[in-house]
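What follows is a single structure, written as structure tokens, with notes after it.
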Amino acid sequence: NALKVAKYLAAHDMVEWVNYAGLEGDKYFELAKKVVAGKPSAILSFGIKGGEANGAKFIDALLMIKRLVNIGDAKSLACHPASTTHRQLNDEELKSAGVSREMVRISVGIEHIDDIIADVEQALAAAK
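Structure (structure tokens):
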């Protein structure tokens, strides 16, 4: 499921970038092939066009995917670190922590992939 979501996001015009080690071209793709037999975790992050405001809109628009900051659950979870877990940090501190204002993190669950993609799709549309 995570790879399908990563590929969907990488092709979407509202998305600036995608970080997922299972996605060919990712800086950790080759390492993931060696270390985890090409089967990285279900966690990915992406940059939404429009920065922090659109990141928050995306999160608020999710219907099925839960808006939680924990990771690794069987259900899909998402968070916008710049407005939640890292909201107290300034731009320099965010950069040092590896967080950007447009970053959204998703822990992809075991729901049917069509349902996950549909929720991501409608949330991206709502964030425009």
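Oh and the sequence shown: position 122 is 122 in the UniProt record's numbering, straight run, nothing missing.
Glycine included, every Cβ here is placed at the ideal spot set by N, Cα and C.
Its chain contains VAL99, MET103 and ARG105 as the residues whose beta carbon lies nearer than 7 Å to that of PRO81, once the 5 sequence neighbours on both sides are disregarded; these appear in chain order. Around the C-beta of GLY22, 16 or more other C-beta atoms lie within 10 Å, and the residue is accordingly described as buried.
Within the segment 87-112, the complete alpha helix (DSSP H) runs of at least 4 residues fall at 91-96. In this structure, the beta-carbon distance from LYS7 to ASN54 does not fall below 9 Å. Taking C-beta atoms under 8 Å as the contact rule, LEU62 and ALA123 qualify, at a distance of about 5 Å. VAL18 is bridged by DSSP to PHE46.
Contact annotation: TYR20 and SER45 have beta-carbon atoms nearer than 9 Å.
By the neighbour-count criterion, in which a residue is buried when 16 or more other Cβ atoms sit within 10 angstroms of its Cβ, GLY109 is buried. LEU77 is bridged by DSSP to LYS66 and SER107.
At a Cβ-Cβ threshold of 9 Å, ILE59 and ALA42 do not count as neighbours.
Taken atom to atom, the span from the alpha-carbon of GLU121 to that of ALA97 is near 28 Å. The three-state reading of DSSP puts LYS128 in coil, since its state is none of H, G, I, E or B.
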